Each structure stands twice: as structure tokens, then as C-alpha cells.
Amino acid sequence: MTTKGNFSSLASSIQAVASPFRQYLTDLHDTYQGAMDGAVADYIPELALADPSWFGICVITPKGQRFDVGNCDQLFTIQSISKAFVYGLALEDHGRDYVTSKVSMEPTGEAFNAIVLDEETNRPYNPMVNAGAIATTDLIKGANATERLKRILDMFKRYTGRDHEINVPVFLSEKSTGNRNRAMAYLMLNFGMVP
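Using the numbering used here, read the sequence shown as starting at 337 and increasing by one per residue.
So this is what it looks like as C-alpha cells:
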């Protein structure tokens, strides 16, 4: 790195530390750190083991400047956050028209894990409910499941700037309790919405 690059990096770091935005995040974190209104998910046994006091806020600007406060280095399973990423990859692979022919973009008014499809089209209502996530995952291109999973993990890395891995204990925990998701997949298979 050149001297100019070093000064630029140093100036950027100093600006990030002194930023009013960092103070805003710190104040926000301090305000909500003690909020314990929710509960960790217990319908997946492994998730019930998470420490409910973990709380962090991290913002990365379009220029790559990182602002964080709290437990930002604590690894966690991304769960439903993955739905938006996988939907984005399905759009990259097939385009909007094809993807929306398989998964609608309508609110459901139902729970995220409801076993319900659009009565007229047999499509999941949107990619953010479990049925929609199953359908969009099925749209990811690849010669086999291993290749499709690799593409998804590569995409996570591209979108987030870091490697991701499968949390095997959480996977096995979800697999042992995933009858509802399997029922949704079989329902969509019955209607020809997934192969």
C-alpha cells in the first residue's frame, strides 16, 4: 500500500471512530440492550440454546466503511435472512418473470410456516414464507444438490464479504423437527410446483 493509501485508510478509520453515526448506533444499542421482550426460538431445539443477551448492530456503508457495536463478532445462524439472498440468486439465474411464475409476491396474512398456497395458481404467496423459500431454493441452477448448495454458499460470501458454513447441530435439529416444511414441499410437488 502506498503512503497515500495508508493516510487514506487512517483518515477513514479516524472518521469512522469519530462519526456521529457511530455515536447514534452506540446510543441505539444502549437503549435496547436490556430489552428482553422476545424469546429465543425453541421450536428448533438447538436454537433454544442461544444466549438471549447477545445483541449487536453492524452497518456497512456502500463504500465499505463498517460501524458496529455490541456482539457483532458472535456467529449465529442466519435462518430466514437466507430467504432474501436465495431469492436474489433465483432472480439472477432466471429473471423476474420466470421466478414470479413459480413464486408470487403477495402478502399471505398467514404465519411464515403456514401450509398454504395460492388457491388459483398453487404457487407460494411470496419468497419470504417457508413454502416460497423452498420453491425459490429449487430454482437455483446446478447439476446436483451439492453444486446448488455450493452456489448458495458462494453467493452468501459474495453478498456478505465473508465465508459461511453449515452449522451441523442446527441442521440436524431442524431436520428432526422439519415435518411441516416437508409437508409443504410434498404439497408443492403434488401440484407440480417443484420437481
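In this text, a Cβ means the ideal position worked out from N, Cα and C, and glycines have one as well.
Quick caveat, the model's predicted, so the values are computed rather than measured.
- Here the alpha carbons of Arg-494 and Leu-475 stand approximately 19 Å from one another.
- With respect to Ser-416, Phe-391 sits apart: the two C-beta atoms are not nearer than 9 Å.
- Judged by DSSP in its simplified three-state form, Ile-396 adopts strand.
- Within the model, the alpha-carbon separation for Asp-433 versus Ala-426 is close to 11 Å.
- For the pair Ala-519 and Gly-400, the Cα-to-Cα distance works out to about 42 Å.
- In terms of CA proximity to Ser-437, Pro-460 leads the group Ile-451, Ser-418, Thr-444, Pro-460.
- The Cβ atoms of Val-465 and Leu-383 do not sit closer than 9 Å to each other.
- Runs of beta strand (DSSP E) with 3 or more residues, each lying fully within the region 483-509, are absent.
- Gln-369 and Val-395 have their C-alpha atoms roughly 17 Å apart.
- The Cβ-Cβ distance between Met-491 and Val-422 falls below 9 Å.
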